[in-house]
Amino acid sequence: MELFEHLTERARTHRQRIVLPEGLEPRTLTAADKIIADNLADITLIGAPADIMAMAKELKLDNIQKANIVDPADEEVIDRYAPLFYELRKSKGITMEEARLTTHNPLYLGCLMVKAGDADGQVAGAMNTTGNVLRAAFQVIKTVPGISVVSGAFLMLLPKGSKFGTNDTLIFADCAVVPEPTAPELAQIAVSAARTARDIAGIEPRVAILSFSTKGSAKSDRVDKVIEATELAHQLDPNLILDGELQADAAIVPSVANSKAPNSPLSGRANVLVFPNLEVGNIAYKLVQRLGGVQAVGPVLQGLAAPVNDLSRGCFPEDIYKTIIITCNQAIGLKGL
Numbered sequence: 098m099e100l101f102e103h104l105t106e107r108a109r110t111h112r113q114r115i116v117l118p119e120g121l122e123p124r125t126l127t128a129a130d131k132i133i134a135d136n137l138a139d140i141t142l143i144g145a146p147a148d149i150m151a152m153a154k155e156l157k158l159d160n161i162q163k164a165n166i167v168d169p170a171d172e173e174v175i176d177r178y179a180p181l182f183y184e185l186r187k188s189k190g191i192t193m194e195e196a197r198l199t200t201h202n203p204l205y206l207g208c209l210m211v212k213a214g215d216a217d218g219q220v221a222g223a224m225n226t227t228g229n230v231l232r233a234a235f236q237v238i239k240t241v242p243g244i245s246v247v248s249g250a251f252l253m254l255l256p257k258g259s260k261f262g263t264n265d266t267l268i269f270a271d272c273a274v275v276p277e278p279t280a281p282e283l284a285q286i287a288v289s290a291a292r293t294a295r296d297i298a299g300i301e302p303r304v305a306i307l308s309f310s311t312k313g314s315a316k317s318d319r320v321d322k323v324i325e326a327t328e329l330a331h332q333l334d335p336n337l338i339l340d341g342e343l344q345a346d347a348a349i350v351p352s353v354a355n356s357k358a359p360n361s362p363l364s365g366r367a368n369v370l371v372f373p374n375l376e377v378g379n380i381a382y383k384l385v386q387r388l389g390g391v392q393a394v395g396p397v398l399q400g401l402a403a404p405v406n407d408l409s410r411g412c413f414p415e416d417i418y419k420t421i422i423i424t425c426n427q428a429i430g431l432k433g434l
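Here the sequence shown stands for residues 98 to 434, where the numbers follow this note's numbering.
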C-alpha cells in the first residue's frame, strides 16, 4: 500500500477532529468538503456561519453543511475560550480584556479549541503567514515535554523500488523553521524527526545527523556542533538508532558506510536525515525533489504538544487535503493509537 493510501485509511479508522481557522478561504473550503465526503475527519470551520455557507453554495460544495462552524464573533464562544488563554498568558502580563480580543483571532481560537480538548489538530496558512500560524501555536499549545524547539520535516516519497530509505520514504529535517540550530536544538530536531517517522510514515527511525565530515574526517566548529548534538540526542532518547557526524553518502549507502564509518549502527541505511542548518536542509530537499523526481510532502511541523500544520499561501486544495490527513495521523500517533 502506498504511504498516502495507508495514512488515509488510518485517518478513516481513527477519526480525528481538525479545526480550520481560515473558514472563508475557498481552497480550504474545497479541501474540507472533500475530507467530509471521504469520511476522513470531523471538520470545524471558524468564521461567520452565513458567510461560510454562502461561499460553499457559490463553490457548489455539498458537504460543508456537515461541518461544525464556530463563529469567532460569538460572545459565548469567547466566554468559553478567553479564560483559558488568560490562564496561559497571565504570567506574561496579559489582561482578561486582551485575552478576549486575542481569542477573536481565528488562529488563536482554533489553537484554544485544541488546547481545551475540543479538537485534535489545526491546519492553517493558506491566507496567513507562517509567523502568525506559529505564534498562535507557541503561545497556546506549546511544545511536548523535553522539547523546546519546533521544526519542520518533509516526507520524501521516493520512486517505487528505491534502494534508499524505508518503504521508499526518507524523512528530511529541519527544512523549514530553524535557521541555525544550536547543538541542543539540533538534538531535539533529531528526536522530533524520529517521532515523525514513526507517527506519520509508520517506519522505525534510523537517524543520521549530517555534516561535511564523517567520524572526524574534518575539523571545524560546525562539525563539533553535530558531534555534540549526536551525544545530546542519545541522552534524550537512548533507545533511538542514531549516529553522527556523517556525510550524506555514509548515511545512506552501505558500501560507503562500510568504508567511512564501519562501526556506525546505521550501516548506511538511515531513513531520517537531519541537516546541520536550515540553509542546507532547504536546498537539499528542493534539489532531491526537482532532480530526483521525488514527491516532497510537508513541511510537517514537529515538536508541538498537539499538531498544528502550516500551509503555503500558494497551496492548492489537494495540498490542504493531504495536510489534513497528515495532521490526523500526527494526532493519532500522539495518542498512541
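Glycine included, each C-beta is placed from N, C-alpha and C at the ideal position.
1) Measuring only the C-alpha atoms, how far is I268 from I286?
2) Alpha carbon to alpha carbon, how far is R114 from I132?
3) In the structure shown, what three-state DSSP assignment does A273 receive?
4) Quick check on the DSSP output: the beta strand (DSSP E) that includes E342 runs from which residue to which?
5) What's the gap between the Cα of D340 and the Cα of F182?
6) Just the C-alpha distance for A393 and T192, rounded to the nearest angstrom, thanks.
7) Taking a contact to mean a Cβ-Cβ separation below 8 Å, would you say P373 touches R319 in this structure?
8) Please go through the same chain and pick out, in chain order, the residues whose beta-carbon is closer than 6 Å to the beta-carbon of G430, but skip the five residues on each side of it.
9) Do D334 and A273 have their C-beta atoms closer together than 8 Å?
10) State the Cα-Cα distance for the pair F413 and R124, rounded to the nearest angstrom.
11) Quick one: is L255 buried, meaning 16 or more other Cβ sit within 10 Å of its Cβ, or exposed?
12) Report the residue ranges of all alpha helix (DSSP H) runs contained in full by the segment 142-206; include only those spanning at least 4 residues, in chain order.
13) Here's the rule: buried if 16 or more other CB atoms are within 10 angstroms of the residue's CB, otherwise exposed. What is Q427?
14) How big is the Cα-Cα spacing for D271 and D168?
15) Report the residue from V397, S245, I349 whose alpha carbon sits nearest the alpha carbon of L283.
16) Just to confirm the assignment, what range does the beta strand (DSSP E) spanning I133 have?
17) Can you check which of these residues, M152, M253, A151, K212, is closest to Y178 by C-alpha distance?
In terms of the structure at hand:
1) On the sequence shown, residue 268 is found 171 positions in, with the first residue counted as 1. On the sequence shown, residue 286 is found 189 positions in, with the first residue counted as 1. Between the alpha carbons of I268 and I286 lies a gap of roughly 12 Å.
2) Walking along the sequence shown from the start, residue 114 turns up at place 17. Walking along the sequence shown from the start, residue 132 turns up at place 35. When rounded, the distance between both Cα atoms is 11 Å.
3) Residue 273 sits at position 176 when you count from the first residue of the sequence shown. For A273, the three-state secondary structure derived from DSSP is coil.
4) Numbered from its first residue, the sequence shown carries residue 342 at position 245. From DSSP, the beta strand (DSSP E) with E342 extends over 338-343.
5) By one-based count along the sequence shown, residue 340 stands at place 243. By one-based count along the sequence shown, residue 182 stands at place 85. Taking the straight line from one Cα to the other gives about 40 Å.
6) Indexing the sequence shown from 1 puts residue 393 at position 296. Indexing the sequence shown from 1 puts residue 192 at position 95. For A393 and T192, the distance between alpha carbons rounds to 43 Å.
7) The count along the sequence shown starts at 1 and reaches residue 373 at position 276. The count along the sequence shown starts at 1 and reaches residue 319 at position 222. With a cutoff of 8 Å on beta-carbon distance, P373 and R319 are scored as near each other.
8) On the sequence shown, position 333 is the one that residue 430 refers to. Once the five neighbours on either side are set aside, the close Cβ partners of G430 are D296.
9) Here residue 334 refers to the residue found at position 237 when the sequence shown is read from its first residue. Here residue 273 refers to the residue found at position 176 when the sequence shown is read from its first residue. Cβ distance not < 8 Å, so D334 and A273 don't count as in contact.
10) As a first step, residue 413 must be located in the sequence shown, where it is residue number 316. As a first step, residue 124 must be located in the sequence shown, where it is residue number 27. Distance from the CA of F413 to the CA of R124, rounded to the nearest whole angstrom, comes to 6 Å.
11) The residue labelled residue 255 in the question sits at position 158 within the sequence shown. Counting Cβ neighbours within 10 Å, L255 comes out buried, since at least 16 surround it.
12) Taken in chain order, the whole alpha helix (DSSP H) runs of length 4 or more contained in the segment 142-206 are 146-155, 172-186, 193-200.
13) To locate residue 427, count along the sequence shown from 1; it is residue 330. Burial is judged here by how many other beta carbons sit within 10 angstroms of a residue's own beta carbon; Q427 has at least 16 and is buried.
14) Here the question's residue 271 lines up with position 174 in the sequence shown. Here the question's residue 168 lines up with position 71 in the sequence shown. Taking C-alpha positions only, D271 is separated from D168 by approximately 35 Å.
15) Counting from 1 along the sequence shown, the entry for residue 283 is found at position 186. For the residues V397, S245, I349, the minimum Cα distance to L283 belongs to S245.
16) Your numbering for residue 133 matches position 36 in the sequence shown. In the DSSP assignment, I133 falls outside any beta strand (DSSP E) and within the unbroken alpha helix (DSSP H) covering 123-134.
17) Here residue 178 is taken as the residue at index 81 of the sequence shown, counted from 1. Nearest C-alpha to Y178: K212.
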